[in-house]
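Heads up: the structure comes next, in structure tokens.
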Amino acid sequence: MTTLAPSDEKRVQISFRAPESRRKQIRIEAALVGLNPNEWLDRLVVRELEDLDKKKPKNQEAQ
């Protein structure tokens, strides 16, 4: 199943290396929430980026 991103969003492909045990864990965690591994990783990356955005203003105020 493919979803269309809103026009202001662009898809990027991220490659990373991980041990087979970690890739297996990602597949298991994704399956538990009903996602494929790529969708699960997409959500993880988005969450991390949102967390960074939340922290950024605080860091700028401290400077």
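All the letters of the sequence shown, read from the start, carry residue numbers 0 to 62 under numbering that gives the first Met the number 0. Ideal Cβ placement from N, Cα and C applies to all residues, glycine included.
Cβ-based neighbour list, residue i, same chain, cut-off 8 Å, excluding 5 preceding and 5 following
i	result
Glu8	none
Ser14	none
Reduced DSSP secondary structure (H/G/I, E/B, other) of residue i
i	result
Ser14	coil
Lys9	coil
Leu31	helix
Cα-Cα separation between residue i and residue j, rounded to whole angstroms
i	j	result
Gln24	Lys55	30 Å
Ile27	Ser20	11 Å
Asp41	Arg10	10 Å
Gln12	Leu43	14 Å
8 Å Cβ cutoff, residue i in contact with chain C
i	result
Pro56	Within the model displayed, chain C is absent; a lone protein chain is all it includes.
Exercise. Is the stretch 15-35 close to the stretch 45-59, with three or more CB pairs under 8 Å?
Worked result: Cβ pair count under 8 Å is below three, so no.
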